[in-house]
Structures are given as structure tokens and as C-alpha cells.
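Colleague: I have a structure I would like to understand better, so I am pasting it below and will then ask my questions one at a time.
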Amino acid sequence: FMLPLGTQQSLTAIEEEALHKWVTARSQNAMSLSYEKLQSISNQLSEYPDRLQWKQSIGEGKEIERVGGILLYHDKFDFDSSNSDSNSAKSIWTMCVLHKDSKADKGDTDFHLELAMNVVAGSSKIKYSLKQVDGHESMEFLPPWRKGNSTMKVKAFLRGQNVPLHLRSSASILCVKCEGHEQIAAIFVEGSTNSKQNDDAKREGRWIIQAAFSKADVLDSTYLHHILLSRDKEL
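Its first residue numbered 1, the sequence shown is counted upward by one per residue in the numbering used here.
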């Protein structure tokens, strides 16, 4: 959401209405800003005009973040690690889906995924969600290095990546839904054992994008969707 130039006062009624509609659209109609939250954001902007980066909760695990001259909408997903090893960390993901014209600093996030879609970035036809493999074992996945081959069950892929059996059900998956059809866009592989990766990558893991969403053949950048993902760990 682009902020008015030189924001030194509270948002006008028209600007508040535009912000309200923007949040509703970004949440796929799952979130509606209350009047109190709108006023809180407006007051934050007017009382601290020089504070160019902050976050404010708007309820239901959602946040509004200011980054310079724009506001970003975040969905936070808290995954239950009860199926994981007792030494495993509880992962809390924060996801931000950028519009094609967003100017946010991607360097402050843990992971930046670029997904090739058949609709332009920011389209309301696309809905992203973060889930665990548990309950979605029948979903199919094909890594980019096997493009052209048959897909495989998600757990079979994780087994091939040497993910321990007790961690496969709690593995994180990024799903994309378009026109009623949902599929996996990327899988997070914890502690990859790929010898070519550096020590940090081995420890932190990595997101692997489904072959169908690889950006390799994309000629028009407006069809690249930018997904920013951050994770905190509570040991």
C-alpha cells in the first residue's frame, strides 16, 4: 500500500477507506480492519512520521508493516511441532507476498522465493498458504532438477532428501491455489545434507521450488511472484 507523499498527519477518510479495501483484498476477504485498527495505524503514521520501519498487529495473526513509503501485509503461521523430535525448534513463519511494483527491502528476510505463474503478480486469482505435510501426504511434488519426469508423493521427495522419518510430517510446504486447484509451490527441507551447501545452509535448511513454478523460462517479470519468508526459532 503506497503511503501518501509527505505523510505528516492522520490519513484522510478516503485514504482510510483505500487502506481498508487493500487489507481485505490482500487477505483474500479473510480479514477486515476494524475502525479502531485503522485509527491506530493512522495515528502511528502521524505521530511518528520519521519512523520508517515498524510493525503493528491487526489481529488473527496478521500484521501491517511499514517499510519506507509503503505498508506491507503479513500472514503469520504458527506450526505445531508436537510431531517433531523434542530437540527440534518450533518454527513460526511470517509470509509476505509482494505486488509486482513493491519496493520492499528483500534483504531483511530469511528466504526470497521467485515463482513463475500464469497470472500477473498481485492477482486476486492466486492465494498462497503455509501448511505442514501432515494431512497432505497425497500431494505431488517435482523438484526443478527432475523437470520433465513424473511427480512423486511429497513424503517420497523428503525421503530422497534424507529428511529423518520423524520430521517429514511436520515439514513446511508453501501451497498455491488458483481457480479451485491447489498444489505445492515449494517445500522447506530442514538441515539439507547437500555437500555443496555451506554450513549455514545445512543448519538452516532451504526452500525448494516445484519445477512447474521455476522462473528459468519466464520472459515477462510481471509473471514472477515474490514471496518473502522469515522464521523465528524458540529452542
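Virtual Cβ for every residue (Gly too), placed ideally from N, Cα, C.
1) Do you know how far the Cα of Met-2 is from the Cα of Leu-52?
2) Look at the alpha carbon of Leu-33 and the alpha carbon of Thr-24, and state the distance between them as a whole number of angstroms.
3) Starting from the Cα of Met-117, find the closest Cα among Tyr-223, Gln-132 and His-181 and give me that residue.
4) May I have the straight-line CA-CA distance separating Ser-10 from Asn-149, to the nearest angstrom?
5) Could you give the DSSP three-state label for Gly-68: helix, strand or coil?
6) In the structure shown, what three-state DSSP assignment does Gln-183 receive?
7) Taking 8 Å as the cut-off, decide whether the C-beta atoms of Ser-129 and Cys-175 are in contact.
8) Could you give the residue range of the beta strand (DSSP E) that holds Ala-13?
9) Among Trp-145, Ser-169 and Asn-162, which has the Cα closest to the Cα of Lys-215?
10) Determine, using beta carbons only, whether Ala-243 and Phe-213 come nearer to each other than 8 Å.
11) At which residues does the alpha helix (DSSP H) containing Leu-45 begin and terminate?
12) Do Trp-93 and Arg-206 come within 8 Å of each other at the CB atom, strictly closer than that value?
13) Looking at the unbroken beta strand (DSSP E) that takes in Val-154, where does it start and where does it end?
14) Are there 16 or more other CB atoms within 10 angstroms of the CB of Lys-55, so buried, or fewer, so exposed?
15) Hey, Ile-70 and Ile-64: beta-carbon distance below 8 Å or not?
16) Taking the alpha carbon of Ile-227 as the reference point, which residue from Pro-164, Cys-96, Asn-29 and Ile-14 has its own alpha carbon closest?
17) When the Cα atoms are used, what is the spatial distance from Val-163 to Glu-190?
18) Helix, strand or coil for Phe-188? Go by DSSP, reduced to three states.
19) What would DSSP say about Phe-213, mapped onto helix, strand or coil?
20) Buried or exposed: where does His-225 fall if 16 or more other Cβ atoms within 10 Å of its Cβ makes it buried?
21) Per DSSP, His-166 is paired with what?
22) Here's the rule: buried if 16 or more other CB atoms are within 10 angstroms of the residue's CB, otherwise exposed. What is Pro-143?
Modeller: So, from the data block:
1) Translated into positions along the sequence shown, residue 52 becomes position 52. Translated into positions along the sequence shown, residue 2 becomes position 2. For Leu-52 and Met-2, the distance between alpha carbons rounds to 13 Å.
2) Translated into positions along the sequence shown, residue 33 becomes position 33. Translated into positions along the sequence shown, residue 24 becomes position 24. The alpha-carbon separation between Leu-33 and Thr-24 amounts to approximately 8 Å.
3) Position 117 of the sequence shown, counted from the start, is the residue given in the question as residue 117. Looking at the Cα atoms, Tyr-223 is the closest of the given residues.
4) Here residue 10 refers to the residue found at position 10 when the sequence shown is read from its first residue. Here residue 149 refers to the residue found at position 149 when the sequence shown is read from its first residue. Straight-line Cα distance between these residues: approximately 56 Å.
5) As a first step, residue 68 must be located in the sequence shown, where it is residue number 68. For Gly-68, the secondary structure class from DSSP, reduced to helix, strand or coil, is coil.
6) Here the question's residue 183 lines up with position 183 in the sequence shown. When secondary structure is reduced to three states using DSSP, Gln-183 falls in the strand class.
7) In the sequence shown, residue 129 corresponds to position 129, counting from 1. In the sequence shown, residue 175 corresponds to position 175, counting from 1. Yes.
8) In the sequence shown, the residue the question calls residue 13 occupies position 13. Element bounds for Ala-13: not the beta strand (DSSP E) but the alpha helix (DSSP H), 13-26.
9) For this step, residue 215 is matched to residue 215 along the sequence shown. Minimum Cα distance to Lys-215 is reached at Trp-145.
10) Any property of residue 243 remains undetermined from this structure, which presents the chain solely from 1 to 235.
11) Along the sequence shown, one-based indexing puts residue 45 at 45. Run containing Leu-45: 35-47, per the alpha helix (DSSP H) assignment.
12) Indexing the sequence shown from 1 puts residue 206 at position 206. Indexing the sequence shown from 1 puts residue 93 at position 93. No.
13) By one-based count along the sequence shown, residue 154 stands at place 154. Note, Val-154: premise wrong, no beta strand (DSSP E); alpha helix (DSSP H) at 154-160.
14) Translated into positions along the sequence shown, residue 55 becomes position 55. By the neighbour-count rule (16 or more Cβ atoms within 10 Å), Lys-55 is not buried but exposed.
15) The residue given as residue 70 occupies position 70 in the sequence shown. The residue given as residue 64 occupies position 64 in the sequence shown. Going by C-beta atoms, Ile-70 is not nearer than 8 Å to Ile-64.
16) By 1-based counting over the sequence shown, the position of residue 227 is 227. Answer by Cα proximity: Cys-96.
17) The residue labelled residue 163 in the question sits at position 163 within the sequence shown. The residue labelled residue 190 in the question sits at position 190 within the sequence shown. Val-163 and Glu-190: Cα-Cα distance of roughly 7 Å.
18) One-based indexing of the sequence shown puts residue 188 at position 188. In the structure shown, the three-state DSSP call for Phe-188 is strand.
19) For this step, residue 213 is matched to residue 213 along the sequence shown. In the three-state scheme derived from DSSP, where H, G and I count as helix and E and B as strand, Phe-213 is classed as helix.
20) Taking the sequence shown and counting its residues from 1, the one referred to as residue 225 is at position 225. Buried, because 16 or more other Cβ atoms sit within 10 Å of the Cβ of His-225.
21) Mapped onto the sequence shown, residue 166 falls at position 166. Its beta-bridge partners do not exist; DSSP assigns none.
22) One-based indexing of the sequence shown puts residue 143 at position 143. With at least 16 other beta carbons inside 10 angstroms of its own, Pro-143 counts as buried.
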